[in-house]
Amino acid sequence: MNDFLRDLVNEIKDEDTSIAADGEGSSEFTGCIDTGSYALNAVLSGSIYGGIPNNKITAFAGESATGKTFFVMGVAKSFLENNPDAGVVYYDTEAAVTKDMMESRGIDTKRVIIAEPDTIQKFRTHALKVIETYEKTPKDERPPLMFILDSLGLLSTTKEMEDTAEGKETRDMTKAQVIKATFRVLTLKLAKAGIPMLVTNHVYDMV
Numbered sequence: 043m044n045d046f047l048r049d050l051v052n053e054i055k056d057e058d059t060s061i062a063a064d065g066e067g068s069s070e071f072t073g074c075i076d077t078g079s080y081a082l083n084a085v086l087s088g089s090i091y092g093g094i095p096n097n098k099i100t101a102f103a104g105e106s107a108t109g110k111t112f113f114v115m116g117v118a119k120s121f122l123e124n125n126p127d128a129g130v131v132y133y134d135t136e137a138a139v140t141k142d143m144m145e146s147r148g149i150d151t152k153r154v155i156i157a158e159p160d161t162i163q164k165f166r167t168h169a170l171k172v173i174e175t176y177e178k179t180p181k182d183e184r185p186p187l188m189f190i191l192d193s194l195g196l197l198s199t200t201k202e203m204e205d206t207a208e209g210k211e212t213r214d215m216t217k218a219q220v221i222k223a224t225f226r227v228l229t230l231k232l233a234k235a236g237i238p239m240l241v242t243n244h245v246y247d248m249v
């Protein structure tokens, strides 16, 4: 049976198909990124020497002003310090992150790209373009890369922007679907490219 399955995989000739025992699937755990905090490492991975998965999406959710940005900046700082060739793509949807703020947290701003999308669709398009460009580089030559989305809750939708411009006060009932579609696409893309992403999001009593 083993030979049959391997022959089957070889015959299919699909780079996204492999034997589970080979551990080549995008879902496989390949390591952790130190957050710079033993306590946070332990909470996220069960070990003070662990951290966030290096090919997954990790979300930090909480009420306003509870330090979500502070935490993700700490992870970014540790990531850049431990990987001299690494870079970070920081999606700032709140227009709140400044160069001085990053530098005060010890982040090398020369290795950080700041993008300010105002809609979920723009964020998705931008992120996919970055991933596509990143994957053009041979896998063994790619520098480590991290995405940070701060924050998901502040992103609007194209429909919401258009409705607001027209003075409409109706709620955009498509937003949840747009968000779901975005992460449905990005989750596998990021895993295949080996790019971790941190996401901050607000928690509300009422929506």
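Sequential numbering of the sequence shown, starting at 43, is according to our numbering. Each residue gets a CB set at the ideal place from its N, CA and C atoms; glycine is no exception.
For I173 against L232, the beta-carbon gap comes to about 7 Å, under 8 Å, which counts as contact. No Cβ-Cβ contact shorter than 8 Å links T229 with D214. In the pairwise beta carbon analysis, the segment 117-131 is classified as touching the segment 184-191: at least three pairs are separated by under 8 Å.
In the structure shown, L194 adopts coil according to DSSP, grouped into three states. Note that the segment 93-102 touches the segment 71-85; at least 3 beta-carbon pairs, one per stretch, sit closer than 8 Å. Around the CB of I61, fewer than 16 other CB atoms lie within 10 Å, so the residue is classed as exposed. The beta carbons of V245 and G109 sit no closer together than 8 Å.
Taking C-alpha positions only, Y132 is separated from F225 by approximately 17 Å. With at least 16 other beta carbons inside 10 angstroms of its own, L122 counts as buried. For V114, the uninterrupted alpha helix (DSSP H) segment begins and ends at 110-124. The three-state secondary structure of N83, taken from DSSP, is helix. Two segments are said to touch when three or more pairs of C-beta atoms, one from each, lie closer than 8 Å; by this definition the segment 138-151 does not touch the segment 204-220.
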